[in-house]
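Worksheet: one structure, shown below.
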Amino acid sequence: MKFNIWVQKNQNRMTAAIAILIVISFAAKFLHLPMVETPAMIIASIIGAIPVFLHAWTALMNKVISIELLVTIAVIGAFVIGEYEESAVVTFLFLFGSYLEQRTLQKTRSSVKNLTKMAPTTAEVVDEDGNVSTVDVDDVDEGDHVIVKPGGQIPVDGVIVEGKGYMNEASITGESTPVEKSIGDKVFAGSLTDNGTITVETTSVGEDTTFGKIIELVEEAQDSASPAAKFIDKFATYYTPAVLIIGILVWIFTQDFPLAITVLVLGCPGALVIGAPVSNVAGIGNGAKNGILMKGGNAVNTFSKVDTLVLDKTGTLTTGQMSVTELTHFGSDKESDMALLSAVEGTSDHPLGRAIVKYITGENVKAASDLPELDTVKGQGLQSADADILVGNERLMKANNVVISDEARKAMDTRVNQGDSIVLMAVNKELKLVVGVNDQLRSDAFEGLTALKKAGIKRVVMLTGDNKTSAQHVADRLPIDEVHAELLPEQKVDFVKKFTDEGHHVAFVGDGINDSPSLATADIGIGMGTGTDVAIETADVVLVKSSFDALAHAYVLAKKTVANTQENIIIAVGTVALLLIGLLVGVIHMASGMFVHEFSILIVIFNAMRLLRIKSFKKAPKLDVNQVKTA
């Protein structure tokens, strides 16, 4: 056991030693020094055979007939017939191919290792008395307040309770542009504060943080096998014994022992065995580097086949952040009326109200200080006890006999036609303000969906719980083929099932919260959200960088990863077939055949490494998302 461990640790050194001995032997041959040439090759053969034999023996103990068994038999056979040069070269090339495979896998996993190294280890915790102490990050509890200074690393997931500044969230989202954060905003462990001192109330620590889950998720994904890899593993189980039988039959019928040994050597499917795993790891590694988490080879394979893309609207096609699109005033004192509206909406936590308060504050108008007590009218809005102040929808106005003039009606219809939600304010039965509020379309939605269609998506469908007018208004500005509005979550699931029953490969893109049933039902669930727990747990693909750029890159990457795997299989099988044909016609021998065989392994590895160089999706020239799409 100890010897086996020692060999594993020193296998690369042994490979280097074999290379040196082979060079010495060839030099001795050139200098006509047979007393050095042959012993050098014999020693090289023995050193090379040791790790190969141990791998073969371990596999046999687990009732697996591996490629190493083929190589071991071939090396022993070559050694017995005195072909020391062939046996040495065979072991060197086989071990060198193993070394290259390890190096490639290490390189493709570098994104995860870099994340691990970036994981914070300590935190500056502030107690109730304002005292600051440095503690191990594992000792921080939920609810603790952590202070992070400019240039510091945020050690926990949490919410800013004091201060503001720009955060570099590249380790989480893959986006290097700093994001401005202030009180109430979420921050993530592993992010860096470019400027500003902030105090964070802890919500998650260590492995439970978004950062920790990303590392765990990518490691698991890279280790999981794709359907192609599973097929190859099963294929190799039968292929190896078949080659052994062919070698024995060649020896029985030809009595040519060297030929039988050569069949065994050239029949080793080295490139076939490593082709799929290397492609899988490289593709997933590229995704992780760009803020895309694909949960293993199955997810990559299935995503590559998707032809129907189904999307939620709010938080997916739109930013999920309400904002005022237009405020129309009727009367003489606009600022006073805006101050009153801000005060009224300031008493509510409704998203529309928060958007209005933010807008009016941005207009440098302070909320009115003298506000009477307000009552909530369910489904309509807010009103004062005497109904002199009314803030809500048209039903509230009609219930209180507020007259809506033709001019006000025109302003309301304009906003409704634009898909806005309408907030009205009346004072003393007179309509003063018409405010349009809407969720803003993502700036990259048009370019991203266009790129997805070019890459192979045949149909784009929007499923939303929002009203038909608002949904259609969004769809008219994007390359969307179908719109289904005013749906409950279970009705969205029914549509997804309908599309899959029709034979389509469906991907559902949602925010990972209320859309989790649809995410789980679709062939591929794609969580578009900044690392929410539900998105990470439910979706097959998580876009930590919440953008359509990332979605387009993920789809293209999945298709290229699967294509790359298929290319590697063709290269591997084609090489073995050509070598055996060349052997039969007499143009290939052991040394030359083994060189070609190991060269095919190099080709497979370098082909997989091309996936690492695929760059993130680049937008087309910027388009105005408010323009009406053309056919």
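Whatever position you read off the sequence shown (first residue = 1), add 6 for this note's numbering. Think of the CB as a built atom: it goes at the ideal place given N, C-alpha and C, for glycine as much as any other residue. Everything numeric in this text was worked out from a predicted model, so none of it was measured.
Near Val499, which residues of its chain fall below 6 Å by C-beta distance, leaving aside the five closest residues on each side in sequence?
-> Pro523, Ser524, Thr527
Spatial distance of Val582 from Gln572 (CA atoms) | 16 Å
If Val131 sits next to Asp150, beta carbons under 8 Å apart, how far is it from one beta carbon to the other, in whole angstroms?
-> For a cut-off of 8 Å, the C-beta gap from Val131 to Asp150 is around 5 Å, short enough to register as a contact.
Nearest to Leu458 by alpha carbon, out of Asp163, Glu207, Val515, Gly509?
-> Val515
Does the beta-carbon distance from Phe194 to Ile166 come in below 9 Å?
-> no
Supposed close pair Asp313, Gly462 - CB separation, criterion 8 Å = 7 Å
Range covered by the beta strand (DSSP E) that runs through Glu488 = Start and end: 488-490.
Quick one: using the 10 Å Cβ neighbour count with 16 as the cut-off for buried, is Gly518 buried or exposed?
-> In this prediction, Gly518 has a pLDDT of 49, which is less than 50 and means its spatial position is unreliable; what the coordinates show is noted afterwards. Classification for Gly518: buried.
Close-in-space but distant-in-sequence residues of the same chain around Leu198 (CB under 6 Å, 5 per side omitted) = Gln159, Asn174
Where do the N-terminal and C-terminal ends of the beta strand (DSSP E) with Thr208 fall, by residue?
-> 204-210
N- and C-terminal bounds of the beta strand (DSSP E) containing Leu617 | Leu617 -> no beta strand (DSSP E), and no H or E assigned at all.
What three-state label does DSSP hand Lys187 in the structure shown?
-> strand
Going straight from the alpha carbon of Ala513 to that of Val562, what length do you get?
-> 14 Å
Can the beta-carbon of Gly171 be found closer than 9 Å to that of Gly190?
-> no
Do the CB positions of Leu396 and Ala432 come within less than 9 Å of each other?
-> yes
Any idea what DSSP makes of Lys438, helix, strand or coil?
-> Strand at Lys438.
Classify Leu430 as buried or exposed, calling it buried when 16 or more other Cβ atoms lie within 10 Å of its own Cβ.
-> buried
In whole angstroms, what is the alpha-carbon distance linking Ala288 and Val550?
-> 19 Å
Would you please state the rounded distance, in angstroms, between the beta carbons of Pro495 and Val466? I believe it to be under 8 Å.
-> Contact flag wrong, Cβ pair sits at about 20 Å.
Hey, how far is the Cα of Val154 from the Cα of Asp472?
-> 40 Å
Identify every run of the alpha helix (DSSP H) within the stretch 410-482, keeping only runs that are complete inside it and at least 4 residues long; order them along the chain.
-> Counting whole runs of 4 or more residues, the stretch 410-482 contains the alpha helix (DSSP H) stretches 412-423, 451-461, 474-481.
Which value, in whole angstroms, describes the spacing of the CA atoms of Pro184 and Gly196?
-> As the crow flies, the alpha-carbon of Pro184 is around 13 Å from that of Gly196.
Where do the N-terminal and C-terminal ends of the beta strand (DSSP E) with Ser139 fall, by residue?
-> Judged by DSSP secondary structure, Ser139 falls within the beta strand (DSSP E) whose first and last residues are 138-142.
Could you tell me the distance, in whole angstroms, from the CA atom of Pro378 to the CA atom of Lys504?
-> 53 Å
For the stretch 545-560 against the stretch 606-615, are there 3 or more C-beta pairs whose distance is under 8 Å?
-> no
To which residues of the same chain is Lys566 closer than 8 Å at the C-beta, ignoring the five residues directly before and after it?
-> Gly289, Leu617, Ile620
Under 9 Å between C-beta atoms of Asp445 and Thr308 = Not closer than 9 Å, so no.
Reducing DSSP to helix, strand and coil, say where Gln386 ends up.
-> coil
How many whole angstroms separate the CB atoms of Pro57 and Val13, which I take to be in contact at a CB cut-off of 8 Å?
-> 5 Å
Tell me whether Gly164 sits in a helix, a strand or coil according to DSSP, three-state version.
-> strand
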